[in-house]
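J.: For reference, the structure I am asking about is given below.
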Amino acid sequence: MTGADPELERVWQEFHGAVNMTSPQLRDWLFAQTSLNDTYPPEPGVDVIDLGNRVLRILGKRRGDLTGDDVTVMRDVTELINRRLDQRPADEIDQEPWRHSLMAVGHDPWRS
Numbered sequence: 050m051t052g053a054d055p056e057l058e059r060v061w062q063e064f065h066g067a068v069n070m071t072s073p074q075l076r077d078w079l080f081a082q083t084s085l086n087d088t089y090p091p092e093p094g095v096d097v098i099d100l101g102n103r104v105l106r107i108l109g110k111r112r113g114d115l116t117g118d119d120v121t122v123m124r125d126v127t128e129l130i131n132r133r134l135d136q137r138p139a140d141e142i143d144q145e146p147w148r149h150s151l152m153a154v155g156h157d158p159w160r161s
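Here this note's numbering runs 49 ahead of the position in the sequence shown, where the first position is 1.
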């Protein structure tokens with residue numbers, strides 16, 4: 050995608066505002082995850098590890114190299130992160146799986 054598209058600029062800014070982990074941090078986190086058993090219950094049809102890998106690929110791209118699919122993933126991930134942040138568990142014991150589900154898509158709530 051090329052040119053100065055204001056919508057692309059908005060999506061880019063929102064995505065990079067929501068994804069607060071660096072590529073190496075996300076790569077290490079995804080590599081360390083061998084099981085989803087302890088993660089926050091997934092939303093129907095959402096594979097956070099797959100999304101995390103897609104986020105990782107997007108983080109390695111320049112804005113001008115994004116595809117339409119990349120932009121869709123960026124929107125979806127931003128919405129997912131915002132939705133999960135709104136669902137922060139009150140019980141501290143439930144916060145670790147919640148945090149891990151966010152980290153799987155590139156957002157560490159402890160860094161906010």
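We put the beta carbon where it would ideally sit given N, CA and C, even for glycine.
Among G109, R132 and D119, which residue has its Cα nearest to the Cα of P73?
T.: For this step, residue 73 is matched to residue 24 along the sequence shown. Taking only the C-alpha atoms, the option nearest P73 is G109.
J.: Can the beta-carbon of L105 be found less than 8 Å from the beta-carbon of L75?
T.: As a first step, residue 105 must be located in the sequence shown, where it is residue number 56. As a first step, residue 75 must be located in the sequence shown, where it is residue number 26. Taking 8 Å as the Cβ cut-off, L105 and L75 qualify as a contacting pair.
J.: For A67 versus T127, is the C-beta distance shorter than 8 Å?
T.: Taking the sequence shown and counting its residues from 1, the one referred to as residue 67 is at position 18. Taking the sequence shown and counting its residues from 1, the one referred to as residue 127 is at position 78. Cβ atoms of A67 and T127: closer than 8 Å.
J.: Distance, Cα to Cα, R148 vs D157?
T.: Within the sequence shown, residue 148 is the residue found at index 99, counting from 1. Within the sequence shown, residue 157 is the residue found at index 108, counting from 1. Taking the straight line joining both Cα atoms gives about 7 Å.
J.: Assuming R112 and W61 are in contact, meaning their beta carbons sit under 8 Å apart, how far apart are those beta carbons, in whole angstroms?
T.: Numbered from its first residue, the sequence shown carries residue 112 at position 63. Numbered from its first residue, the sequence shown carries residue 61 at position 12. Going by Cβ atoms, the distance from R112 to W61 rounds to 6 Å, so yes, they are a contact pair.
J.: Measuring only the C-alpha atoms, how far is Q82 from A53?
T.: Here residue 82 is taken as the residue at index 33 of the sequence shown, counted from 1. Here residue 53 is taken as the residue at index 4 of the sequence shown, counted from 1. Q82 and A53: Cα-Cα distance of roughly 38 Å.
J.: Measuring alpha carbon to alpha carbon, tell me which residue in A139, W159 and F64 is nearest N131.
T.: Here residue 131 is taken as the residue at index 82 of the sequence shown, counted from 1. Cα-wise, what sits closest to N131 is F64.
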